[in-house]
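Asker: Chains as they are written, first to last, in this note's numbering: chain A, 53 to 211; chain B, 53 to 211. Glycine included, each C-beta is placed from N, C-alpha and C at the ideal position. There's a structure below that I have some questions on.
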DNA sequence: TAAATATACTTGACACATAAACTATTTACA
DNA sequence: TGTAAATAGTTTATGTGTCAAGTATATTTA
């Protein structure tokens, strides 16, 4: 797998059309590899990245949240959230509770088992963050954050 | 859409557990936004990012390529490539040719229509690259590339 | 208060990532 | 030469992103 990815990179390496293009592609490629590492870790606990994210949100909030509120806090587009919650519920990691005041609303709560699964992942996740960004010095980390935010601002402007 | 994303960001903003975590999340979020922008552009020409990528590879090579060779050069995992080529073929953007020497091999060639679609995208794509990375000075671009590569090295090691 | 509108989801359809298992063909080697 | 192993690609199955359209409940308004 490692050899394969390396090979891909080499084949792709041809002169870039602009420095900006090089940076964008570099960003996408790096991100891809980072995501792969996290996905692999989550999979060891039978979670997908999206599922892990939702559990994190619920634990962070400390109380049940309406489904659309969860969707708002993830990158997940609304219709996708339904099936995502379905599967988490089926796995016993969350629970659905219909709101009595407003019966359109569905609250989602993390279960004990969900909390347990999350807590098992806490250390490895933090370790992976550190391992990925480990080669960067504190100053470099700060630089990277600043540059990324600058890019992000440019995407925010015109939607 | 823009307001919604901004809202998400604000809600997410709580103290990070480590500077490394902050950098990783920053990286993922930035990347997400960049991908959204490109996906939106490709969709205007009825292409998905994966499809665009494959067309680029074929045009860059200048001659037909075996299916698995294409898969190697993208991030696409092997089984997914079949359907991807199916849809491109159905849209008339590529053509399948079975190799006569080795009948296991299927060559894929870009069609005239595929080339045309690609060329229509050339300018907007380059413009988007420039627009996304525009806020960064040449020196900052270089810095960003260096930092990203450093991160990428760390993922390559024990992958 | 009845009808229009808005809100909170859900369903259905399609594209893609990913893994496991399968087919067809070729190559290696015993 | 004939069988095992490797290679090229496909099929199948599950999870998710995304869009368009639908349902149920609540709110607004005429």
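With 16 as the cutoff for other CB atoms within 10 Å, does residue 82 of chain A come out buried or exposed?
Answerer: What you label residue 82 of chain A is simply residue 30 of the first chain in a count that begins at 1. When all chains shown are included, residue 82 of chain A counts as buried.
Asker: Could you spell out the range, first to last residue, of the alpha helix (DSSP H) harbouring residue 95 of chain B?
Answerer: Translated into the one-based positions of the second chain, residue 95 of chain B becomes position 43. Looking at the DSSP string, the run of the alpha helix (DSSP H) that includes residue 95 of chain B is 71 to 95.
Asker: Quick one: Cα of residue 162 of chain A to Cα of residue 86 of chain A, how far?
Answerer: For this step, residue 162 of chain A is matched to residue 110 along the first chain. For this step, residue 86 of chain A is matched to residue 34 along the first chain. Taking the straight line from one Cα to the other gives about 27 Å.
Asker: Does residue 134 of chain B pass the burial test, meaning 16 or more other C-beta atoms within 10 Å, or should it be called exposed?
Answerer: What you label residue 134 of chain B is simply residue 82 of the second chain in a count that begins at 1. The residue in question, residue 134 of chain B, is exposed, as its Cβ has fewer than 16 Cβ neighbours within 10 Å.
Asker: Would you list, in chain order, the members of the stretch 65 to 87 of chain A that have their beta-carbon closer than 9 Å to a beta-carbon of chain B?
Answerer: Cβ contacts with chain B come from 66, 69, 70, 71, 72, 73, 74, 75, 76, 77, 78, 79, 80, 81, 82, 83, 84, 85, 86 and 87.
Asker: Among the residues of its own chain, which have a CB less than 7 Å from the CB of residue 179 of chain B, if the five just before and after it don't count?
Answerer: As a first step, residue 179 of chain B must be located in the second chain, where it is residue number 127. Here the set comprises nothing.
Asker: Which residues share a DSSP beta bridge with residue 118 of chain B?
Answerer: Within the second chain, numbered from 1, the residue matching residue 118 of chain B stands at position 66. Answer is B:159.
Asker: By the criterion of Cβ-Cβ separation under 7 Å, what are the contact partners of residue 190 of chain B in chain A?
Answerer: Here residue 190 of chain B refers to the residue found at position 138 when the second chain is read from its first residue. Near residue 190 of chain B (Cβ distances below 7 Å), the residues of chain A are 71.
Asker: Compute the Euclidean distance between the alpha carbons of residue 88 of chain B and residue 198 of chain A, then round it to the nearest angstrom.
Answerer: For the purposes of this step, residue 88 of chain B is taken as the residue at position 36 of the second chain. For the purposes of this step, residue 198 of chain A is taken as the residue at position 146 of the first chain. Computed Cα separation, rounded: 21 Å.
Asker: Less than 9 Å between the beta carbons of residue 203 of chain A and residue 80 of chain A, yes or no?
Answerer: Your numbering for residue 203 of chain A matches position 151 in the first chain. Your numbering for residue 80 of chain A matches position 28 in the first chain. Not in contact: residue 203 of chain A and residue 80 of chain A (Cβ atoms no closer than 9 Å).
Asker: Given that a residue counts as buried once 16 or more other Cβ atoms are within 10 Å of its Cβ, and exposed if not, what is residue 181 of chain A?
Answerer: Here residue 181 of chain A refers to the residue found at position 129 of the first chain. Buried is the call here.
Asker: In the DSSP assignment, find the unbroken alpha helix (DSSP H) run with residue 138 of chain B in it and report its ends.
Answerer: Within the second chain, numbered from 1, the residue matching residue 138 of chain B stands at position 86. Note, residue 138 of chain B: alpha helix (DSSP H), 130 to 142.
Asker: Classify residue 127 of chain B as helix, strand or coil using the three-state DSSP reduction.
Answerer: Numbered from its first residue, the second chain carries residue 127 of chain B at position 75. Note: residue 127 of chain B maps to coil in three-state DSSP.
Asker: Among B:116, B:138, B:71 and B:75, which one has its Cα closest to the Cα of residue 102 of chain B?
Answerer: Numbered from 1 along the second chain, position 50 holds the residue referred to as residue 102 of chain B. The shortest C-alpha separation from residue 102 of chain B is found at B:138.
Asker: If the criterion is Cβ atoms closer than 9 Å, does the pair residue 123 of chain B and residue 132 of chain B meet it?
Answerer: Here residue 123 of chain B refers to the residue found at position 71 when the second chain is read from its first residue. Here residue 132 of chain B refers to the residue found at position 80 when the second chain is read from its first residue. It is a contact, given that the beta carbons lie within the stated cut-off.
Asker: Given that a residue counts as buried once 16 or more other Cβ atoms are within 10 Å of its Cβ, and exposed if not, what is residue 171 of chain A?
Answerer: Within the first chain, numbered from 1, the residue matching residue 171 of chain A stands at position 119. Per the 10 Å Cβ criterion, exposed.
Asker: Taking only the alpha-carbon atoms, compute the straight-line gap between residue 196 of chain B and residue 109 of chain A and give it to the nearest angstrom.
Answerer: Locating residue 196 of chain B in the second chain gives position 144, where the first residue counts as 1. Locating residue 109 of chain A in the first chain gives position 57, where the first residue counts as 1. If I take the Cα positions, the gap works out to 30 Å.
Asker: DSSP state of residue 178 of chain A, grouped into three classes?
Answerer: Residue 178 of chain A sits at position 126 when you count from the first residue of the first chain. DSSP, reduced to helix, strand and coil, places residue 178 of chain A within a helical segment of the structure shown.
Asker: Can you grab the Cα-Cα spacing for the pair residue 142 of chain A / residue 153 of chain A, in whole Å?
Answerer: Position 90 of the first chain holds residue 142 of chain A. Position 101 of the first chain holds residue 153 of chain A. So the alpha carbons of these two residues sit roughly 26 Å apart.
Asker: Is the CB of residue 172 of chain B under 9 Å away from at least one CB in chain A?
Answerer: Here residue 172 of chain B refers to the residue found at position 120 when the second chain is read from its first residue. Not an interface residue.
Asker: Please decide whether residue 127 of chain B counts as near chain A, where near means a Cβ-Cβ distance under 9 Å.
Answerer: The residue given as residue 127 of chain B occupies position 75 in the second chain. Closer than 9 Å to some Cβ of chain A, the Cβ of residue 127 of chain B qualifies, so yes.
Asker: From B:106, B:175, B:129 and B:173, pick the residue whose C-alpha is nearest to that of residue 147 of chain B; which is it?
Answerer: To locate residue 147 of chain B, count along the second chain from 1; it is residue 95. The candidate whose alpha carbon is nearest that of residue 147 of chain B is B:106.
Asker: Who are the neighbours of residue 18 of chain A on chain B, taking C-beta pairs under 7 Å?
Answerer: The structure shown does not extend to residue 18 of chain A, since chain A is modelled only from 53 to 211, so the question has no answer here.
Asker: Between residue 175 of chain B and the ligand PLP, is the CB less than 8 Å from at least one heavy atom?
Answerer: The ligand PLP is not part of this structure, which contains no ligands at all.
Asker: If you draw a straight line from the C-alpha of residue 117 of chain B to the C-alpha of residue 184 of chain B, how long is it?
Answerer: Sequence index remark: in the second chain, residue 117 of chain B carries index 65 (1-based). Sequence index remark: in the second chain, residue 184 of chain B carries index 132 (1-based). Approximately 32 Å between the Cα atoms of the pair.
Asker: Using a Cβ-Cβ distance cut-off of 9 Å, determine whether residue 131 of chain B contacts chain A.
Answerer: What you label residue 131 of chain B is simply residue 79 of the second chain in a count that begins at 1. It does not; no Cβ of chain A falls within 9 Å.
Asker: Measure the C-alpha to C-alpha separation of residue 94 of chain A and residue 165 of chain A and round it to an integer number of angstroms.
Answerer: By one-based count along the first chain, residue 94 of chain A stands at place 42. By one-based count along the first chain, residue 165 of chain A stands at place 113. Roughly 15 Å separates the two Cα atoms.
Asker: Decide if residue 206 of chain B is buried, meaning its Cβ has at least 16 other Cβ atoms within 10 Å, or exposed.
Answerer: By one-based count along the second chain, residue 206 of chain B stands at place 154. Label assigned to residue 206 of chain B: buried.
Asker: What's the gap between the Cα of residue 188 of chain A and the Cα of residue 73 of chain B?
Answerer: Translated into positions along the first chain, residue 188 of chain A becomes position 136. Translated into positions along the second chain, residue 73 of chain B becomes position 21. Computed Cα separation, rounded: 12 Å.
Asker: What are the residues that DSSP puts in a beta bridge with residue 146 of chain B?
Answerer: Residue mapping note: residue 146 of chain B aligns to position 94 of the second chain, counting from 1. DSSP output for residue 146 of chain B lists B:162 as bridge partner(s).
Asker: At which residues does the alpha helix (DSSP H) containing residue 102 of chain A begin and terminate?
Answerer: The residue labelled residue 102 of chain A in the question sits at position 50 within the first chain. That run of the alpha helix (DSSP H) goes 101 to 113.
Asker: Spatial neighbours of residue 193 of chain A within its chain, please: CB distance less than 8 Å, with the 5 preceding and 5 following residues excluded, ordered by chain position.
Answerer: One-based indexing of the first chain puts residue 193 of chain A at position 141. These residues qualify, in order along the chain: 185.
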